[in-house]
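Residue numbers (our numbering): 378 to 614.
This report refers to the structure that appears directly beneath it.
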Amino acid sequence: MRLKSKWACSFRACLDIIAPRQCVACGRRLTCTEDYLCTACLKHMPVTGFQFNPYENVMAKNFWGLVRRMEKAVAWFYYEPGSEYSHIIKALKYYHQPALGVYIGELLAQEMKASGFFEDIDLMVPVPITKKRRKQRGYNQAESIVKGIQKVVPIPVASHIVERVEFSESQTQLSRIDRMCNVECAFKGRYTAPLSHSHILLVDDVTTTGATLMAVANALQKVTDVRISVLTVGYTH
């Protein structure tokens, strides 16, 4: 978390009197040195620690045998629907807060960088959303997260090499098998021959069954020979 100057803190304190800011997780009023998340929520965040075993953790095992040339899979914290920490993702996706995504991406990258997670990554690809969803939301939350990551690690980003071409129905209420069927043909990889043999990091907000990420990975591997890794903010047990 960045340290603010005395002047900036005083100015923020004055603004907070007029329009108090709240922690997106617990709702507690933020101090002038806090952004989006209070110190207590950051301290007690249910982190996974997956970055210390990125190849064989429980999240990575979801992709075994389903994604060719799968490498690492890591999430920052355990996501439980209805929990205080689920409010972070909800705010990012439904309350028009792209700056929150940048903030979360920066914190996420700081956590992962210490373990050397990014050292062999050549390119980051935010998971795309449909044009309709982007129009409704005003932005792609995965792209906001990637912008935050880039503030910590200057890895190139390619949002154009995969596109969402179909979306049959919401994933929210579907089982693992139904989710996989729902998104099987939802993504299309574009011609990416210059990226052959690259190590691509797919970035998204939450991994539940992993069906969407598998579909993106497989779409990319149909058009080029790449290795795939995954990084998300949350992971559902």
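For glycine and all other residues, C-beta sits at the position ideal for the given N, C-alpha and C.
{"Query": "Beta-bridge pairing of residue 606 - partner residues as DSSP gives them", "Result": "578"}
{"Query": "Simplified DSSP assignment, three categories, for residue 589", "Result": "helix"}
{"Query": "Alpha-carbon to alpha-carbon, residue 529 and residue 465", "Result": "20 Å"}
{"Query": "Option nearest residue 560 by Cα separation, candidates 603, 447, 454 and 587", "Result": "587"}
{"Query": "Neighbour-count burial assignment, residue 592, 16 or more Cβ in a 10 Å radius", "Result": "buried"}
{"Query": "Rounded straight-line distance, which links the Cα of residue 600 to that of residue 563", "Result": "15 Å"}
{"Query": "Residues of its chain near residue 428, where Cβ-Cβ distance is below 6 Å and the 5 sequence neighbours each way are ignored", "Result": "451, 489, 492 and 494"}
{"Query": "Straight-line gap, residue 614 to residue 457 (C-alpha atoms, nearest Å)", "Result": "8 Å"}
{"Query": "Neighbourhood of residue 480 by C-beta distance below 7 Å, restricted to the same chain and skipping five residues each side", "Result": "412, 413 and 525"}
{"Query": "Close-in-space but distant-in-sequence residues of the same chain around residue 478 (CB under 7 Å, 5 per side omitted)", "Result": "469, 518, 521, 522 and 525"}
{"Query": "Cα-Cα separation between residue 510 and residue 398, rounded to whole angstroms", "Result": "27 Å"}
{"Query": "Coil, strand or helix - residue 485 by DSSP", "Result": "helix"}
{"Query": "For residue 541, the three-state DSSP class (helix, strand or coil)", "Result": "strand"}
{"Query": "Residue 402 versus 607, 610 and 467, residue with shortest Cα-Cα distance", "Result": "467"}
{"Query": "The beta strand (DSSP E) enclosing residue 452, as first and last residue numbers", "Result": "447 to 455"}
{"Query": "Residues near residue 422 by beta carbon distance below 7 Å, same chain, minus five either side", "Result": "454 and 462"}
{"Query": "Close beta carbons around residue 443, own chain, < 6 Å, minus the five adjacent residues each side", "Result": "591"}
{"Query": "C-alpha gap between residue 578 and residue 406, whole angstroms", "Result": "35 Å"}
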